[in-house]
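Enquirer: Numbering (this note's numbering), first residue to last: -1 to 264. Dumping the structure here so I can ask a few things about it.
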Ligand SMILES: [Zn+2]
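Here is the structure:
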């Protein structure tokens, strides 16, 4: 059964203790259930280096490096950041994505940090553009500023994934006009704003993610094992067959990484 399954988790915090504790068993379990790829995102530079290490022996892990907007402090030197991360990318050809990066004007309350968030996000966007990497984006209450940065720096929308997007209807329309991929989380089961994203995103731009190991309001905890349920929820919302939805998402993911659909190796 698992051979015919093709699940993808386009945003999971793999360097978390919950996953690391029983790492080999976890990887084995995920492979067995048909998980074909996991974009392992990072919050800090330490996690970025860790995910590169974790991906070394596991072909299903796509390492994403970056600094999460919650971790952007005032003393961050955005000027040296580009060179620092460019060096990591050049030294590790398996790095295929940048993330989790973005802007957060809600959970980060200190307004004086926002200009630093913008500078850091802009730097990571430029790295994604210059090295042709996928940009895994966190955007909360900051859609206008975030799109402005992407447009100003000519970041192709086809390289961008908006993760767990839950903006207002007006903001969502702005993002749809830009045209990125949207990755849908288990919150789609109960969150009205996230359901709205899932309903309106073009079918050929939808991806699935767990945002593991986040704890959801319905009591579940994100992990690659959450993906089949997300697909079921998506199929219900889009009034389509589960198998069709699964195939669509796999095809979207392959296109995103320009891979052949019969496997992840080109
Ligand atoms: Zn996340």
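Each residue gets a CB set at the ideal place from its N, CA and C atoms; glycine is no exception.
Name, in chain order, the residues that DSSP records as bridge partners for residue 63.
Expert: Taking the chain shown and counting its residues from 1, the one referred to as residue 63 is at position 65. Bridge partners of residue 63: 96.
Enquirer: Out of 40, 22 and 71, point me to the one whose CA is closest to residue 209's CA.
Expert: Reading the chain shown from its first residue, position 211 is the one you call residue 209. Of 40, 22 and 71, the residue nearest in Cα terms is 40.
Enquirer: Give the DSSP bridge partners of residue 102, in chain order.
Expert: Indexing the chain shown from 1 puts residue 102 at position 104. Per DSSP, 138.
Enquirer: Would you mind reading off the limits of the beta strand (DSSP E) that contains residue 206?
Expert: Position 208 of the chain shown, counted from the start, is the residue given in the question as residue 206. It spans 204 to 206 - the beta strand (DSSP E) in which residue 206 sits, taken as one unbroken run.
Enquirer: Quick one: give me the first and last residue of the alpha helix (DSSP H) that residue 78 is part of.
Expert: Within the chain shown, the letter at position 80 stands for residue 78. Counting along the chain, the alpha helix (DSSP H) containing residue 78 begins and ends at 76 to 89.
Enquirer: Let me know the secondary structure DSSP gives residue 232 once reduced to three states.
Expert: Position 234 of the chain shown holds residue 232. Helix at residue 232.
Enquirer: Whole angstroms is fine: what's the gap from residue 70's alpha carbon to residue 42's?
Expert: The residue labelled residue 70 in the question sits at position 72 within the chain shown. The residue labelled residue 42 in the question sits at position 44 within the chain shown. Taking the straight line joining both Cα atoms gives about 9 Å.
Enquirer: Between residue 174 and residue 6, which are expected to be in contact by the criterion C-beta below 8 Å, what is the C-beta distance as a whole number of angstroms?
Expert: Residue 174 sits at position 176 when you count from the first residue of the chain shown. Residue 6 sits at position 8 when you count from the first residue of the chain shown. Not quite, the Cβ-Cβ distance comes to about 22 Å (not below 8 Å), so this is no contact.
Enquirer: What did DSSP end up calling residue 263 once you bin it into helix, strand or coil?
Expert: As a first step, residue 263 is located in the chain shown; it is residue number 265 there, counting from the start. With a pLDDT of 46 at residue 263, under the threshold of 50, the modelled position of that residue is not reliable, and the figure given next carries that caveat. Of the three classes helix, strand and coil, the one that applies to residue 263 here is coil, per DSSP.
Enquirer: Taking a contact to mean a Cβ-Cβ separation below 9 Å, would you say residue 52 touches residue 96 in this structure?
Expert: Taking the chain shown and counting its residues from 1, the one referred to as residue 52 is at position 54. Taking the chain shown and counting its residues from 1, the one referred to as residue 96 is at position 98. It is not a contact, given that the beta carbons lie outside the stated cut-off.
Enquirer: For the alpha helix (DSSP H) containing residue 112, name the first residue and the last one.
Expert: As a first step, residue 112 is located in the chain shown; it is residue number 114 there, counting from the start. 112 to 129 is the span of the alpha helix (DSSP H), which, as asked, contains residue 112.
Enquirer: Would DSSP call residue 255 helix, strand or coil?
Expert: Walking along the chain shown from the start, residue 255 turns up at place 257. Three-state result, residue 255: coil.
Enquirer: Closest to residue 185 by C-alpha separation, out of 122, 162 and 62, would be which residue?
Expert: Residue mapping note: residue 185 aligns to position 187 of the chain shown, counting from 1. Out of 122, 162 and 62, 162 has the C-alpha closest to the C-alpha of residue 185.
Enquirer: Kindly indicate which three-state DSSP category residue 156 falls into: helix, strand or coil?
Expert: Sequence index remark: in the chain shown, residue 156 carries index 158 (1-based). Here residue 156 sits in helix by DSSP.
Enquirer: Let's test the definition: count the other Cβ atoms within 10 Å of the Cβ of residue 248 and tell me whether it reaches 16, buried, or not, exposed.
Expert: Mapped onto the chain shown, residue 248 falls at position 250. Buried: at least 16 other Cβ atoms inside 10 Å.
Enquirer: Shorter than 8 Å, the distance from the beta carbon of residue 209 to the closest heavy atom of ligand 1, or not?
Expert: The residue you call residue 209 lines up with position 211 of the chain shown. Residue 209: yes, Cβ under 8 Å from ligand 1.
Enquirer: Sort 159, 110 and 63 by Cα distance to residue 90 and report the nearest one.
Expert: To locate residue 90, count along the chain shown from 1; it is residue 92. Comparing Cα positions, the closest option is 63.
Enquirer: Find out if the Cβ-Cβ distance for the pair residue 76, residue 60 is shorter than 9 Å.
Expert: In the chain shown, the residue the question calls residue 76 occupies position 78. In the chain shown, the residue the question calls residue 60 occupies position 62. Result no, Cβ atoms of residue 76 and residue 60 do not sit closer than 9 Å.
Enquirer: With DSSP as the reference, label residue 133 as helix, strand or coil.
Expert: For the purposes of this step, residue 133 is taken as residue 135 along the chain shown, with counting starting at 1. The answer is strand: DSSP assigns residue 133 an E or B state.
Enquirer: Tell me whether residue 8 sits in a helix, a strand or coil according to DSSP, three-state version.
Expert: As a working note, residue 8 is residue 10 in the chain shown. Three-state result, residue 8: strand.
Enquirer: Do residue 240 and residue 207 have their C-beta atoms closer together than 9 Å?
Expert: The residue you call residue 240 lines up with position 242 of the chain shown. The residue you call residue 207 lines up with position 209 of the chain shown. Against a cut-off of 9 Å, the Cβ pair of residue 207 and residue 240 comes out as no contact.
Enquirer: For residue 138, verify whether its CB is less than 8 Å away from any heavy atom of ligand 1.
Expert: As a working mapping, residue 138 is identified with position 140 in the chain shown. No.
Enquirer: Given 8 Å as the limit, is there contact between the segment 7 to 23 and the segment 212 to 231, that is, 3 or more CB pairs closer than that?
Expert: Counting Cβ pairs under 8 Å, three or more are found: they touch.
Enquirer: Based on Cα-Cα distance, which residue from 139, 169, 15 and 81 lies nearest to residue 122?
Expert: On the chain shown, residue 122 is found 124 positions in, with the first residue counted as 1. Comparing Cα-Cα distances from residue 122 to each of 139, 169, 15 and 81, the minimum goes to 81.
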